[in-house]
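J.: Final position of the sequence shown in the UniProt record's numbering is 401; the numbers increase by one with none missing.
For every residue, glycine included, the Cβ atom is placed at its ideal position computed from N, Cα and C.
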Amino acid sequence: LARGGLEADLAGRHVVVSAGGTREPLDPVRFIGNRSSGLQGYALARTAVARGARVTVVAANVALPDPAGADVVAVGTAEEMRKAVLEAAGSADAVVMAAAVADFRPADYRESKIKKSETAGPAPIELVRNPDILAELGRIRRPGQVIVGFAAETDDVLANGRDKLARKGCDLLVVNQVGPDLTFGRPDNAAVVLAADGASVQVPRGPKEALADVVWDQVAARLG
Ligand code: CTP
Ligand code: CA
């Protein structure tokens with residue numbers, strides 16, 4: 178039950194973690210996607226299992242072995258992720274949105290492969306907004322349910338993070354700085370965990386499991 182001195186402080190809890198990055202298809206062979214590997218989401222899943230939780234992982238396009246002891250629901254697009262996350266969230270004590278969800282998707286899906294001979298020059302791709310899953314979770318949450326977001330920011334990382342935390346109505350927002358060779362596809366991460374009550378925890382660069390454990394510490398404290 179115990180691991181590295183940690184107690185099973187999530188025993189009896191159900192947590193949902195989204196991981197990876199959504200892909201928004203243009204045609205049967207092309208998509209708009211992002212660089213999320215799923216490493217941070219899977220580290221969250223593994224550490225939650227180790228702390229005694231029942232864990233549901235909603236995984237978008239993750240090429241990693243399933244985290245042992247977790248239920249994995251595989252999805253592709255943001256719409257599919259929304260459906261799976263909302264369904265799992267119904268019975269969840271906490272939901273952590275570690276996935277990179279595409280903000281936009283192509284307005285049209287073409288059943289047949291788009292051919293370059295179709296148009297004189299490259300045709301523009303029209304995009305429409307995807308649903309904001311985290312904001313929806315913030316709106317429909319049950320009393321006592323803890324909602325956690327992730328944000329990769331550039332420029333004024335902390336100010337952007339505080340704004341986003343308020344906008345999304347979540348309890349915690351894990352903010353990391355992105356840039357060349359930072360975060361994506363790497364086993365380590367550095368971040369600041371911002372809380373809606375004004376608190377913040379600085380997490381030095383280290384394994385994604387270490388950041389995951391800080392997130393669960395913060396979640397467990399709020400579950401009471
Ligand atoms: N998120 C979500 N649904 C979306 C977009 C984002 O649930 N359609 C979640 C992500 O999983 C993450 C958090 O919201 O936990 C922040 O994502 P981010 O892309 O940083 O936020 P956005 O509101 O999309 O803002 P930005 O314009 O900076 O991309
Ligand atoms: Ca976004």
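May I ask you to check if the CB of residue 332 is nearer than 7 Å to at least one heavy atom of ligand 2?
T.: No - ligand 2 has no heavy atom lying nearer than 7 Å to the Cβ of residue 332.
J.: Return the CA-CA distance between residue 203 and residue 299, expressed in angstroms with no decimal places.
T.: Cα to Cα, residue 203 sits roughly 14 Å from residue 299.
J.: I need the DSSP call for residue 395, collapsed to helix, strand or coil.
T.: Helix.
J.: Between 194, 216, 196, which lies nearest to residue 364 when the distance is taken from Cα to Cα?
T.: Closest by alpha carbon: 216.
J.: Is it the case that the CB of residue 308 approaches a heavy atom of ligand 1 more closely than 7 Å?
T.: Checking every heavy atom of ligand 1 against the Cβ of residue 308, one is found closer than 7 Å.
J.: Considering only the beta carbon of each residue, do residue 266 and residue 273 sit closer than 8 Å?
T.: No, Cβ-Cβ distance for residue 266 and residue 273 is not below 8 Å.
J.: Does the distance between the C-beta of residue 260 and the nearest non-hydrogen atom of ligand 1 fall short of 7 Å?
T.: Result no, Cβ not under 7 Å from ligand 1.
J.: Thinking just about the alpha-carbon of each residue, which of 191, 184, 210, 317 is nearest to the one in residue 153?
T.: Here the chain covers residues 178 to 401 and nothing more, so residue 153 does not appear.
J.: The beta strand (DSSP E) that contains residue 186, what's its start and end?
T.: Note, residue 186: premise wrong, no beta strand (DSSP E); not H, not E.
J.: Near residue 246, which residues of its chain fall below 6 Å by C-beta distance, leaving aside the five closest residues on each side in sequence?
T.: 226, listed in sequence order.
J.: Where does the unbroken beta strand (DSSP E) through residue 352 begin, and where does it stop?
T.: Looking at the DSSP string, the run of the beta strand (DSSP E) that includes residue 352 is 349-354.
J.: Using the C-alpha atoms, what's the distance from residue 268 back to residue 382?
T.: Cα-Cα distance, rounded: 33 Å.
J.: Along the chain, where does the beta strand (DSSP E) that runs through residue 336 open and close?
T.: Run containing residue 336: none in the beta strand (DSSP E); it sits in the alpha helix (DSSP H), 334-345.
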